[in-house]
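Participant: According to the numbering used here, the residues represented by the sequence shown are 5 to 203, in order.
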Amino acid sequence: MKKVPYILIATRFILAPFMLLLAYLRGEESSSLILSLMYFGLLTDIFDGIIARKVGVSSEKLRRLDSQTDLVFWLSLGVSAYLLNPELIKAEWRGIALLFTMEALCYLTSWLRFGKETCIHAWLSKLWGLSLLLAFTFLIGFQETGWAFDLAVVLGFISHVDVILIIVLLPKWQYDVPSSYHAWRIRKGKQRRKSIFFN
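1) My assumption, with CB atoms under 8 Å, is that E47 sits in contact with I38. Please give the rounded CB distance.
2) At which residues does the alpha helix (DSSP H) containing C123 begin and terminate?
3) Can you check which of these residues, W177, H186, P90, is closest to R68 by C-alpha distance?
4) When you compare only the Cα positions, how much space is there between W188 and I18?
5) If you count every other CB in all the chains shown that lies within 10 Å of the CB of F153, and 16 or more means buried, which is it?
6) Between which two residues does the alpha helix (DSSP H) harbouring T3 extend?
7) With a Cβ-Cβ cutoff of 9 Å, do L136 and A108 count as a contact?
8) For M23, collect the residues of the same chain with a Cβ closer than 7 Å to its Cβ; drop the 5 residues on either side in sequence, then sort them by chain order.
9) Give every residue of the same chain whose Cβ lies closer than 7 Å to the Cβ of R16, excluding the five residues on either side of it in the sequence, and list them in chain order.
10) Apart from the five residues on each side of it in sequence, which residues of its chain come closer than 6 Å, Cβ to Cβ, to L112?
11) In or out: Y28 buried (at least 16 other Cβ within 10 Å) or exposed?
12) Let me check understanding here. Comparing Cα to Cα, which of E96, L92, I168, A20 lies closest to M106?
13) Looking at C-alpha atoms only, which residue of P90, A126, D52, F142 is the closest neighbour of S36?
14) Suppose you measure from the CA of P90 to the CA of K192; what does that come to, to the nearest Å?
15) According to the neighbour-count rule (16 or more other Cβ atoms, all chains shown, within 10 Å of its Cβ), is I11 buried or exposed?
16) Tell me which same chain residues have a C-beta within less than 8 Å of the C-beta of I55, skipping the five on either side of it?
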């Protein structure tokens, strides 16, 4: 069981290039399969953390690996969506550019502050992930953006602001911090055990 979280993360990592190949080689015919793989990937993301905590293998190494795999997975989905619906993606370039800028700012802030990438797994980031799932469902499954895409952009901006605040407030690098409020409590010495946040 201790290897299961790593297997789930590896599975999600393998899904990323597979979805890209499907979109590139089969085009719109692959839409349903890509959506199925997206939802399967989400399940692996949910259960890798749950199982890791249950069997006692949740660690900095595992959480960092999980974060970087998430980045690869969602970027691959974004490129796949572009391959399937390039005109829709081009029409929403402003929102996409905003999200990429905010993501870059999170990494830059973390590297400047602590010398390593961010690995926060905040609550708002998880909510953003669900909105991305919804946005990609509409985009890939129904070839439309609309309110689902707008929601993902708004939540993405808010969640990235929260992550940047967490990074700025933390006295030292730490993974799994639920919100900027929790980071403030850690800074004030009112909360020292990060493990209780995700138990």
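Glycine included, each C-beta is placed from N, C-alpha and C at the ideal position.
Note that this is a predicted model, so its numbers are computed, not measured.
Facilitator: Judging by the given coordinates:
1) Position 43 of the sequence shown holds residue 47. Position 34 of the sequence shown holds residue 38. Residue 47 is actually Leu in this sequence, not Glu. Rounded, the Cβ-Cβ distance is 15 Å, inconsistent with contact.
2) Locating residue 123 in the sequence shown gives position 119, counting from the first residue. Taken as a continuous stretch (DSSP letters only), C123 belongs to no alpha helix (DSSP H), as it is neither H nor E.
3) Taking the first residue of the sequence shown as 1, we reach residue 68 at position 64. Ranking the options by Cα distance to R68, first place goes to W177.
4) Counting from one through the sequence shown, the residue named residue 188 turns up at place 184. Counting from one through the sequence shown, the residue named residue 18 turns up at place 14. Taking the straight line joining both Cα atoms gives about 37 Å.
5) Your numbering for residue 153 matches position 149 in the sequence shown. So F153 counts as buried.
6) The requested residue 3 does not occur in the structure, where the chain is confined to residues 5 to 203.
7) Working through the sequence shown from its first residue, we reach residue 136 at position 132. Working through the sequence shown from its first residue, we reach residue 108 at position 104. No, the pair does not count as a contact, with Cβ atoms beyond the cut-off.
8) In the sequence shown, residue 23 corresponds to position 19, counting from 1. Around M23: I38, L41, S80, L81, S84.
9) Mapped onto the sequence shown, residue 16 falls at position 12. Taken in chain order, the residues that qualify are G45, T48, D49, T73, F77.
10) As a working mapping, residue 112 is identified with position 108 in the sequence shown. The answer is none, since no qualifying residue turns up.
11) Within the sequence shown, the letter at position 24 stands for residue 28. It counts as exposed.
12) Numbered from 1 along the sequence shown, position 102 holds the residue referred to as residue 106. Minimum Cα distance to M106 is reached at I168.
13) Walking along the sequence shown from the start, residue 36 turns up at place 32. Taking only the C-alpha atoms, the option nearest S36 is F142.
14) Your numbering for residue 90 matches position 86 in the sequence shown. Your numbering for residue 192 matches position 188 in the sequence shown. Cα-Cα distance, rounded: 48 Å.
15) The sequence position of residue 11 within the sequence shown is 7, counting from 1. Exposed.
16) Here residue 55 refers to the residue found at position 51 when the sequence shown is read from its first residue. Excluding sequence positions up to five before and after I55, its CB lies within less than 8 Å of the CB of M5, V8, P9, L12, all in the same chain and listed in chain order.
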